[in-house]
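In what follows, a structure is listed as structure tokens, so that the remarks can point back to it.
In the working numbering, the protein residues as written are 1361 to 1539.
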């Protein structure tokens, strides 16, 4: 399961509840990967432009570093924790609060504060562009776009959300893939 988003996007915040439920219902059958939407821009602090500013870029880096240094379950818990402090995503305070229960926190901090985090974000944005994910929140199963959450809801169209937009429908899609 690939999730394409912006950490400070209100639609990503809302849609993550269904993504989390889908993951927890099917975690034995899924790998979960987050990628972030933005634009490469060498003149910016992190080498990218993020729609909601530099704090969003740093929030994206924090989440990518947790993903890089831990497992999918820990990463999802971290993302959900940050969503609980949504307005503070990208701050050092929320980073520390959400990182507190993570066993490998030191390596995550080193990643987020150094060039590794910037590289992860730049590569993540390239992956999102390659996958043609332009709307936060978009998710894919097996490399194929499954659904888009936009303007406060799962988009109800066969193009944007083939098979329907609900935890039940997402789980059915997963079960169909694994047979």
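Using N, Cα and C, we set each Cβ at its ideal position, and we do this for glycine too.
By the Cβ neighbour-count rule, residue 1413 is exposed, with fewer than 16 other Cβ atoms within 10 Å of its own.
In this model, residue 1518 and residue 1411 are separated by some 27 Å (Cα to Cα).
When C-alpha distances from residue 1404 are compared across 1394, 1418 and 1395, the shortest belongs to 1418.
Annotated as proximal: residue 1365 and residue 1497, with beta-carbon spacing under 8 Å. For residue 1462, no alpha helix (DSSP H) segment is defined, and its DSSP state is neither H nor E. The Cβ-Cβ distance between residue 1368 and residue 1450 falls below 8 Å.
Note that the C-beta distance between residue 1527 and residue 1372 is not below 8 Å. Beyond the five residues adjoining it in sequence on each side, residue 1426 comes within less than 6 Å, by CB distance, of 1435, 1438 and 1468 in the same chain, given in chain order.
Every alpha helix (DSSP H) stretch that sits fully inside the stretch 1457-1529 and reaches 4 residues is listed by chain position as 1465-1473 and 1475-1490. Checking the DSSP bridge columns, you'll see residue 1438 has no partner listed.
The C-alpha of residue 1466 lies about 43 Å from the C-alpha of residue 1516. Under the three-state reduction of DSSP, residue 1451 is assigned to coil, being neither helix nor strand. Rounded to the nearest whole angstrom, the CA to CA distance from residue 1397 to residue 1473 is 20 Å.
The Cβ-Cβ distance between residue 1440 and residue 1394 does not fall below 8 Å. Here DSSP, grouped into helix, strand and coil, assigns residue 1406 to coil.
One Cα belongs to residue 1533, the other to residue 1513, and the distance between them is close to 19 Å. Using a Cβ distance threshold of 8 Å, residue 1392 and residue 1485 do not count as a contacting pair.
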